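Student: Residue numbers (numbering that gives the first Met the number 0), protein chains in the order written: chain A, 0 to 183; chain B, 0 to 384.
Built from N, CA and C at the ideal position, the CB exists for glycine as well.
What you are looking at is a predicted structure, and each value in this text was computed from that prediction instead of being measured.
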Amino acid sequence: MNDDEIMKLFFTRNEDAIQQTARKYGARLLALADNIVHNREDAEESVNDTYLKAWDTIPPARPEHYYAYLAKICRNFSFGKLDWLNAAKRKAEVVSLTREMEECIPGGVQEGTMDAELLSKTISAFLRTQTPQNRMIFVRRYWYADPVAEIARRYQISESAVLMRLHRTRSKLAGYLKKEGIQV
Amino acid sequence: MTGKDMLLGIRNLDADILEEAEFGTFQEKKTRVSRKKTLILVLAATLLLATLTGAAAFTRWSHTMQYGRLGGNQPSQQIKEQAQQSGLSVMLEETKTGPNEQISATDQGITVTAVQTVMDQHGGTVVFRIDGFDLPEGEAPWLWWEYQVDGSKPHWSLGAQFFNGTISDENGNLVYAKNGKPVQRVGEYQAAVLDYVDNNGSIEFSIDFNFDKDDGSYFGKEIVVTFTGFGLQGEKFGDEDIMTVPGKWELRWTLSGSTEEPRVWKPNAKIGHWGLTLLEVRIGQYSMETVYQLDDTYPDYKTFRDANEWSICPSGVRLKDGTDAKAWGGGGEWDAESRTYTCVSTNLVDILDPEQVVGMYFYAGYFINEEGYREDKPYYYIPFE
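(1) Report the neighbours of A:Ser45 on chain B: residues whose CB is nearer than 8 Å to its CB, in chain order.
(2) Can you find a CB in chain B that lies within less than 8 Å of the CB of A:Phe125?
(3) Skipping 5 residues on each side, what residues in its chain have a beta carbon closer than 7 Å to that of B:Asp13?
(4) Since B:Lys325 sits in a beta bridge, which residues does DSSP pair it with?
(5) Starting from B:Gln73, trace the alpha helix (DSSP H) in both directions and tell me its first and last residue.
(6) Kindly indicate which three-state DSSP category B:Asn209 falls into: helix, strand or coil?
(7) Quick one: which chain B residues come within Cβ less than 8 Å of A:Gln18?
(8) Please look up how many angstroms separate the CB atoms of B:Leu142 and B:Phe226, rounded, as I've assumed it's under 8 Å.
(9) By how many angstroms is the C-alpha of A:Pro146 removed from the C-alpha of A:Tyr175?
(10) In the DSSP assignment, what are the bridge partners of B:Gly158?
(11) Is there a C-beta anywhere in chain B that falls below 8 Å from the one on A:Glu4?
(12) Examine the Cβ distances between the segment 344-361 of chain B and the segment 281-291 of chain B and report whether three or more of them are shorter than 8 Å.
(13) Who are B:Gln115's beta bridge partners in DSSP?
(14) Excluding the 5 residues flanking B:Gln120 on each side, which residues of the same chain have their C-beta closer than 6 Å to its C-beta?
(15) Given a threshold of 16 other Cβ atoms within 10 Å of its Cβ, counted over all protein chains shown, does B:His62 qualify as buried or as exposed?
(16) Check each candidate in B:Asn72, B:Val126 and B:Met359 and name the one with the smallest Cα separation from B:Ile166.
(17) With a 10 Å radius around its C-beta and 16 neighbouring C-beta atoms as the bar for buried, classify B:His154 as buried or exposed.
(18) Give me whichever residues DSSP pairs with B:Cys342 in a beta bridge.
(19) Taking only beta-carbon positions, decide if B:Phe236 is within less than 8 Å of chain A.
(20) Would you kindly report the start and end of the unbroken beta strand (DSSP E) that includes B:Met242?
(21) Give, in chain order, every residue of the segment 28-41 of chain A whose Cβ lies closer than 7 Å to some Cβ of chain B.
(22) Pull up the distance between the alpha-carbon of A:Ala26 and that of A:Ala32, whole angstroms please.
(23) Apart from the five residues just before and just after A:Arg164, which ones in its own chain have a Cβ nearer than 6 Å to its Cβ?
(24) So A:Ile72 is in the beta strand (DSSP E); what residue range does that whole segment cover?
(25) For B:Pro135, I'd like the list of residues in its chain whose CB is within less than 8 Å of its CB, leaving aside the five on either flank, ordered along the chain.
(26) Determine the direct distance from the alpha carbon of B:Val343 to that of A:Asp15, and round the result to whole angstroms.
(27) Does chain A have any CB closer than 8 Å to the CB of B:Met287?
(28) Using only alpha-carbon positions, find the residue among B:Thr110, B:Val114 and B:Gln115 that is nearest to B:Ile129.
(29) Alpha carbon to alpha carbon, how far is B:Gln355 from A:Ala144?
(30) Please list the terminal residues of the continuous alpha helix (DSSP H) segment that includes A:Ser45.
(31) Within 10 angstroms of its Cβ, does B:His272 collect 16 or more other Cβ (buried), or is it exposed?
(32) Grouping DSSP H, G and I as helix and E and B as strand, with all else coil, what is B:Ala190?
(33) Based on the DSSP secondary-structure assignment, which residues constitute the bridge partners of A:Ala148?
(34) Of the choices B:Thr296, B:Gln292 and B:Pro353, whose alpha-carbon is the least far from that of B:Thr341?
(35) Skipping 5 residues on each side, what residues in its chain have a beta carbon closer than 6 Å to that of B:Thr339?
(36) Does DSSP put A:Tyr141 in a helix, a strand or coil?
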């Protein structure tokens with residue numbers, strides 16, 4: 000069933016919309032949640048919360064990119080369930096992710112806040128200046144929270160190539176944010 | 000703001016960017032090797048001799064093919080002899096000497112030579128040796144090239160790489176091909192220090208081609224590969240690689256390769272819980288085809304793939320001696336009428352002796368281990384006999 004057909008189910012309030020969504024995207028959403036919470040029970044709960052949120056918001060929402068819509072919800076729920084302190088103790092993947100993302104903060108300035116909407120827009124604009132390959136690797140790592148080994152397997156390149164590309168992209172992002180006058 | 004804030008703050012990246020990363024195809028015009036400090040070692044003569052003694056009979060082959068590509072196994076003498084007898088492997092300096100063939104060209108003090116092809120009807124690998132290019136210490140090489148076949152550019156997919164001087168030892172650890180010593184690692188991410196330059200100063204570059212036709216009709220046709228510059232992989236300038244020596248190096252020869260029939264099995268075996276039956280397997284020396292039947296759990300292959308996020312192509316084959324030979328990737332076609340999917344894996348990691356194959360294995364997913372990391376589940380193994 001394609002996304003348009005699933006949308007029709009939502010708009011006619013047919014609960015099969017959830018089943019069809021789960022069938023089509025359930026595995027991907029579970030992998031995303033698993034990457035973040037590293038706990039199958041919490042991951043499944045995040046995915047189920049995602050379906051409920053989709054049910055509550057469609058309509059009136061009619062997302063053009065249905066998978067991205069679901070994935071954003073799922074990512075938010077998953078980070079919401081993450082016990083950051085405990086994650087740090089277990090040295091989970093998310094700790095590496097936060098450390099790597101700190102490299103993108105320009106000039107070592109680590110004070111202040113920035114609107115998440117503006118940050119997302121700015122980084123989206125930056126990513127559009129990158130090659131599709133580097134953009135995809137960056138998004139897999141920092142948005143989908145994929146381990147480096149998983150990215151290497153997905154794109155069939157070496158882990159060192161993934162790390163190098165991430166390193167370059169982070170450096171360029173820090174420069175871009177600085178050039179754009181972004182104070183994060 | 001902290002790294003955590005950044006991680007959370009990017010939650011609303013543009014939807015098309017997110018879907019590109021989830022569903023997009025990773026098209027590599029050139030597969031790049033990491034730019035890391037090149038290790039130039041002065042080798043003790045005894046170590047070098049020790050390395051070469053065992054390989055003396057194999058030295059005709061290019062380093063790229065001799066040392067095992069993509070972390071694969073090194074080909075045995077028997078495999079090499081079979082590959083040459085079948086026409087799969089061709090040493091161009093010995094065979095491509097016709098009046099219209101030019102497998103070596105020199106310009107700007109740099110000589111490029113096509114040294115070996117390994118090809119069957121699905122595609123293959125061409126290895127080039129580059130002499131006279133002075134690679135500064137701490138830099139990684141790059142080059143610019145294009146190709147034509149029979150006067151036009153075919154719709155082949157391709158990838159390319161430099162031989163980086165490292166191989167896997169028997170324990171799977173990365174070591175230097177020159178001396179068997181463990182690879183040096185540097186930096187926060189412990190990246191490998193690569194070693195592009197051979198003792199004689201040459202560098203090897205190889206291109207993997209996947210043909211768009213599998214009837215062997217490209218054999219007998221002229222291929223022209225033109226290099227237009229050599230240089231360095233960029234870092235300061237991001238992805239803008241730096242051409243330091245522009246010029247023109249044009250090589251031409253007649254394509255040839257093996258058209259040997261593959262060995263065929265009909266396992267008719269279920270694979271895991273996927274509702275999938277492995278109907279037929281055809282394995283040649285450098286490519287393999289696998290045919291699957293989907294049950295009616297899913298309406299079509301795309302739905303199956305989307306739901307399971309699982310590669311239908313094999314992860315490798317098992318040999319009679321109990322060792323495994325990896326197979327990476329592959330692509331294929333869905334036939335809605337017969338509900339079968341055919342995967343073709345070309346440019347295999349290892350050159351195979353099909354008579355030695357006794358089974359095939361498939362990725363079975365992953366689980367989160369006690370440390371909180373992903374770990375592969377045991378692979379599904381399908382015996383053929």
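Tutor: Taking the geometry as given:
(1) The residue labelled residue 45 of chain A in the question sits at position 46 within the first sequence. Per Cβ cutoff of 8 Å: no residues; A:Ser45 is ~14 Å from chain B at best.
(2) Counting from one through the first sequence, the residue named residue 125 of chain A turns up at place 126. So no, A:Phe125 is outside the interface.
(3) Stepping through the second sequence from its first residue, residue 13 of chain B is reached at position 14. Correct list: empty, nothing qualifies.
(4) Position 326 of the second sequence holds residue 325 of chain B. The partner list for B:Lys325 (beta bridge, DSSP) reads B:Gly315.
(5) As a working note, residue 73 of chain B is residue 74 in the second sequence. Neither: B:Gln73 is in no alpha helix (DSSP H) and is coded neither H nor E.
(6) One-based indexing of the second sequence puts residue 209 of chain B at position 210. Under the three-state reduction of DSSP output, B:Asn209 falls in the strand class.
(7) Within the first sequence, residue 18 of chain A is the residue found at index 19, counting from 1. Correct list: empty, because the minimum Cβ distance to chain B is about 12 Å.
(8) On the second sequence, position 143 is the one that residue 142 of chain B refers to. On the second sequence, position 227 is the one that residue 226 of chain B refers to. Confirmed, Cβ separation roughly 6 Å.
(9) Along the first sequence, one-based indexing puts residue 175 of chain A at 176. Along the first sequence, one-based indexing puts residue 146 of chain A at 147. Rounded to the nearest angstrom, the two C-alpha atoms are 25 Å apart.
(10) Here residue 158 of chain B corresponds to residue number 159 of the second sequence, with the count starting at 1. DSSP, once it has assigned bridges, lists B:Asp207 as partnering B:Gly158.
(11) Translated into positions along the first sequence, residue 4 of chain A becomes position 5. Cβ-Cβ to chain B under 8 Å: no for A:Glu4.
(12) yes
(13) By 1-based counting over the second sequence, the position of residue 115 of chain B is 116. Answer is B:Met90 and B:Val126.
(14) The count along the second sequence starts at 1 and reaches residue 120 of chain B at position 121. Asp213, Gly215 and Thr258, listed in sequence order.
(15) Taking the second sequence and counting its residues from 1, one reaches residue 62 of chain B at position 63. Buried: at least 16 other Cβ atoms inside 10 Å.
(16) Position 167 of the second sequence, counted from the first residue, corresponds to residue 166 of chain B. Of the candidates B:Asn72, B:Val126 and B:Met359, the one whose C-alpha sits nearest the C-alpha of B:Ile166 is B:Asn72.
(17) Taking the second sequence and counting its residues from 1, the one referred to as residue 154 of chain B is at position 155. Result: exposed.
(18) Stepping through the second sequence from its first residue, residue 342 of chain B is reached at position 343. DSSP output for B:Cys342 lists B:Thr289 and B:Gly331 as bridge partner(s).
(19) Sequence index remark: in the second sequence, residue 236 of chain B carries index 237 (1-based). With a pLDDT of only 42 at B:Phe236, under 50, the local geometry of the prediction cannot be trusted, and the value read off the model is given with reservation. B:Phe236 does not count as touching chain A.
(20) Sequence index remark: in the second sequence, residue 242 of chain B carries index 243 (1-based). Note, B:Met242: beta strand (DSSP E), Ile241 to Thr253.
(21) Ala30, Asp33, His37 and Arg39
(22) Here residue 26 of chain A refers to the residue found at position 27 when the first sequence is read from its first residue. Here residue 32 of chain A refers to the residue found at position 33 when the first sequence is read from its first residue. Whole-angstrom Cα-Cα distance: 10 Å.
(23) Here the question's residue 164 of chain A lines up with position 165 in the first sequence. Result list for A:Arg164: Asn133 and Ile136, in chain order.
(24) Start at 1 with the first residue of the first sequence, and residue 72 of chain A comes out as number 73. No beta strand (DSSP E) holds A:Ile72; the alpha helix (DSSP H) holding it covers Tyr65 to Lys80.
(25) On the second sequence, residue 135 of chain B is found 136 positions in, with the first residue counted as 1. Non-local beta-carbon contacts of B:Pro135 in its own chain, meaning distances under 8 Å to residues more than five positions away in sequence, involve Leu231 in chain order.
(26) Working through the first sequence from its first residue, we reach residue 15 of chain A at position 16. Working through the second sequence from its first residue, we reach residue 343 of chain B at position 344. About 36 Å.
(27) Reading the second sequence from its first residue, position 288 is the one you call residue 287 of chain B. For B:Met287, the answer is no, since every Cβ of chain A falls outside 8 Å of its Cβ.
(28) Numbered from 1 along the second sequence, position 130 holds the residue referred to as residue 129 of chain B. Checked all of B:Thr110, B:Val114 and B:Gln115; the closest Cα to B:Ile129 is B:Thr110.
(29) As a first step, residue 355 of chain B must be located in the second sequence, where it is residue number 356. As a first step, residue 144 of chain A must be located in the first sequence, where it is residue number 145. Whole-angstrom Cα-Cα distance: 40 Å.
(30) Indexing the first sequence from 1 puts residue 45 of chain A at position 46. Start and end: Arg39 to Thr56.
(31) In the second sequence, counting from the first residue as 1, residue 272 of chain B sits at position 273. Burial call: exposed.
(32) Within the second sequence, numbered from 1, the residue matching residue 190 of chain B stands at position 191. B:Ala190 falls in the strand class under three-state DSSP.
(33) Translated into the one-based positions of the first sequence, residue 148 of chain A becomes position 149. DSSP lists no partner for A:Ala148.
(34) As a working mapping, residue 341 of chain B is identified with position 342 in the second sequence. If we check each option's Cα against that of B:Thr341, B:Gln292 comes out closest.
(35) Within the second sequence, residue 339 of chain B is the residue found at index 340, counting from 1. Result list for B:Thr339: Val290 and Gln292, in chain order.
(36) If you number the first sequence from 1, residue 141 of chain A lands on position 142. A:Tyr141 falls in the helix class under three-state DSSP.
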